[in-house]
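Colleague:
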Amino acid sequence: FSRPGNMGVASPALDLEDAGALQLEGPLSHPMYRPFMQADWSVAEHTSSVLAGSHTTAQAESEHLREGVRVLDAQLATEVSGRSTELLRNVRRMLDAERSLADVVLSVESL
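Under this note's numbering, residue 95 is the last one in the sequence shown; the count climbs by one each step, no gaps.
#1: Taking the continuous alpha helix (DSSP H) assigned at A44, which residues delimit it?
#2: Go ahead and label V75 buried or exposed: buried means 16 or more other beta carbons lie within 10 angstroms of its beta carbon, across all protein chains shown.
#3: Buried or exposed: where does V34 fall if 16 or more other Cβ atoms within 10 Å of its Cβ makes it buried?
#4: How many angstroms separate the CA atom of E70 from the CA atom of E51?
#5: How long is the line joining the alpha carbons of E47 and S84, rounded to whole angstroms?
#6: Roughly how many whole angstroms lie between the Cα atoms of E82 and V88?
Dropping the structure here:
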């Protein structure tokens, strides 16, 4: 990933310190992801600027991006696994709410 201050210059893969910061702050709050959260962010413009300003090949940039996706995937799996009980509890609450709402709809329709 290119770091926000180095747009277009390839940076090394996330080190353990960066990965720890991502986990503590939440994956999308890490400064590295701020440019991607902007409403006017364009994948085409970003890709062009990264490749144009890079001193590496497109293949190396592609592998670097794949590594970043692997890191994000692993972090997402960790988050989901770590919060599985909470997530399942929320699903159960939603199902209960849907059932209650269906009962209300049936009651109102029968009036």
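By construction, the Cβ of each residue, glycine as well, lies at the ideal position given by its N, Cα and C atoms.
Modeller: Looking at the atomic coordinates:
#1: Boundaries of the alpha helix (DSSP H) around A44: A42 to G66.
#2: Exposed, because fewer than 16 other Cβ atoms sit within 10 Å of the Cβ of V75.
#3: By the neighbour-count rule (16 or more Cβ atoms within 10 Å), V34 is buried.
#4: Cα to Cα, E70 sits roughly 29 Å from E51.
#5: Taking the straight line from one Cα to the other gives about 49 Å.
#6: The alpha-carbon separation between E82 and V88 amounts to approximately 10 Å.
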